[in-house]
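Report on the following structure.
Right, dumping it as C-alpha cells:
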C-alpha cells in the first residue's frame with residue numbers, strides 16, 4: 001500500500017514545530033551515523049543550527065568535527081567539487097540529459113520504422 005503524499009507547509013504552532021524539528025534532527029543524525037558513515041566506511045560530520053537553541057548540534061562530537069572539516073579544507077579544489085551538486089549545475093545538466101535521451105529515442109524509432 002503506497003504512502004500518501006506529504007504536503008510541506010510552515011507550521012504556525014511553535015510547540016508542534018519544535019517537536020517536528022527534534023524528530024527530524026534525530027532521524028537525520030541516525031541516517032548520517034548508521035547508514036552513511038558506517039555502511040560506506042567514510043568520515044563525516046554534521047552541524048545543525050536550531051532556531052530554538054543558541055548552540056548548534058554537532059555530530060559526531062565537537063572534538064572530532066574540526067579534524068574532519070580541516071581534512072576537507074586541505075583537499076584540492078578539484079577534489080572538493082568533483083561530485084558536488086548544486087541547484088545551478090543540476091538545472092544546467094537536466095536539459096542536456098533530456099536532449100540526449102530524446103535523440104537516442106529518435107534514433108531508436110528510425111531503426112524500428114526502417
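In full-length UniProt numbering, the protein residues as written are 1 to 114. Each residue gets a CB set at the ideal place from its N, CA and C atoms; glycine is no exception. Quantities reported herein were computed from a predicted structural model and do not represent experimental measurements.
| request: Assess, as a yes-or-no matter, whether the region 38-48 is touched by the region 56-74 under the definition of 3 or more beta carbon pairs within less than 8 Å. | output: yes
| request: Output yes or no for whether 9 Å exceeds the beta carbon distance between residue 71 and residue 43. | output: Along the chain shown, one-based indexing puts residue 71 at 71. Along the chain shown, one-based indexing puts residue 43 at 43. Yes. Within cutoff.
| request: Quick one: give me the first and last residue of the alpha helix (DSSP H) that residue 58 is part of. | output: Along the chain shown, one-based indexing puts residue 58 at 58. Careful: residue 58 lies outside any alpha helix (DSSP H), inside the beta strand (DSSP E) at 57-59.
| request: Please name the residue, chosen from 38, 97, 25, 29, that lies closest to residue 52 on a Cα-to-Cα basis. | output: By 1-based counting over the chain shown, the position of residue 52 is 52. Minimum Cα distance to residue 52 is reached at 25.
| field | Nearest-angstrom Cα separation, counted from residue 106 out to residue 96 | value | Taking the first residue of the chain shown as 1, we reach residue 96 at position 96. Taking the first residue of the chain shown as 1, we reach residue 106 at position 106. So the alpha carbons of these two residues sit roughly 15 Å apart.
| Which residue spans inside the UniProt domain "MADS-box" (1-50) form an unbroken beta strand (DSSP E) run of at least 3? | 46-48
| Enclosing alpha helix (DSSP H) for residue 112 [first to last residue] | In the chain shown, the residue the question calls residue 112 occupies position 112. That run of the alpha helix (DSSP H) goes 87-113.
| Where residue 54 falls: helix, strand or coil (DSSP) | For the purposes of this step, residue 54 is taken as residue 54 along the chain shown, with counting starting at 1. In the structure shown, residue 54 sits in coil (DSSP, three-state: anything other than H, G, I, E or B).
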